[in-house]
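In the working numbering, the protein residues as written are 5 to 290.
To start, the structure under review is shown below, and the notes come after it.
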């Protein structure tokens, strides 16, 4: 049981990063970004290319991949979403699906369909109080905690973070106070790219990279964001951890192949019982 909980927390920690990226785009741009999974995949390929082909260490490859994906994310916004800024959320949602297919096929064209693995040394797992802890889990846990702390400081205590929260809460009032929305949007997309690249590289520590890798996590990412309440960064993290643990514990009673159905079931149940999520606010349409 304890081993399953540990595994679930690590899985949830990874899902928390793209769930935060999804929450950022929803909070500031007001649409669910279906391209998150494809951006995660492209981030993983960038990390693999820098690590396996160019021989960079994993930290250096991850950092450069994060920078590359920040540029890709901003470019996607400038090429696609900027021109649709005044459209309804459904239009942006469909556009994000198109972006997802384009990014996925760029990965296919550039790297092929074969599975790719990072060039890292294989180490024996650590035994601690009866728990089996892989080195990949230690790296993942440390990296995610550090990333969450940095993001918390940025959003909560910096002028940029206050501007982001102002635009998310009331774009019109933020504009009246002189906050440049385009700058806030660009920074948000940079953060989305960085979070997706980090998540993709961390996932690649434990499994092979392929063009559909991001789609395998898409339901979990949306489930985590919806469970926590779309627009709530704290809720996205809690939702991801809950999804990870519940999925792992579900293997005690159902086959592993059906594990992801738990995330889908949680989305349906939550939308029926509490549509705003655990930490979301009820919106009143006037």
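Glycine included, each C-beta is placed from N, C-alpha and C at the ideal position.
A quick note: this is a predicted structure, and the numbers were derived from the prediction, not measured.
Environment of residue i [buried if 16+ CB atoms lie within 10 Å]
i: residue 256; result: exposed
i: residue 146; result: exposed
i: residue 161; result: exposed
i: residue 227; result: buried
i: residue 202; result: buried
i: residue 236; result: buried
i: residue 215; result: buried
i: residue 221; result: buried
i: residue 273; result: exposed
i: residue 93; result: exposed
i: residue 262; result: exposed
Those residues which DSSP pairs with residue i across a bridge
i: residue 135; result: 132
i: residue 120; result: 213
Simplified DSSP assignment, three categories, for residue i
i: residue 213; result: strand
i: residue 289; result: The predicted model places residue 289 with a pLDDT of 43, which falls under 50 and marks its position as unreliable; any figure quoted below should be read in that light. If DSSP states are grouped into helix, strand and coil, residue 289 belongs with coil.
i: residue 279; result: coil
i: residue 125; result: coil
i: residue 181; result: coil
i: residue 268; result: helix
i: residue 57; result: helix
i: residue 38; result: coil
i: residue 176; result: helix
i: residue 145; result: helix
i: residue 202; result: helix
i: residue 100; result: helix
i: residue 218; result: helix
i: residue 234; result: coil
Boundaries of the alpha helix (DSSP H) in which residue i is found, first to last residue
i: residue 300; result: This structure gives no information on residue 300, because the portion of the chain shown stretches from 5 to 290.
i: residue 88; result: It is not in any alpha helix (DSSP H) - residue 88 carries neither H nor E in the DSSP assignment.
i: residue 25; result: 6-33
i: residue 164; result: 163-173
How do the stretch 206-213 and the stretch 26-41 stand: do at least 3 beta-carbon pairs fall below 8 Å, yes or no? Contact fails between the stretch 206-213 and the stretch 26-41, because fewer than three Cβ pairs, one in each stretch, are under 8 Å apart.
Does the stretch 31-40 come within contact of the stretch 165-173, defined as at least 3 CB pairs closer than 8 Å? yes
Below 8 Å, can you find three or more Cβ-Cβ pairs linking the stretch 5-25 to the stretch 134-149? yes
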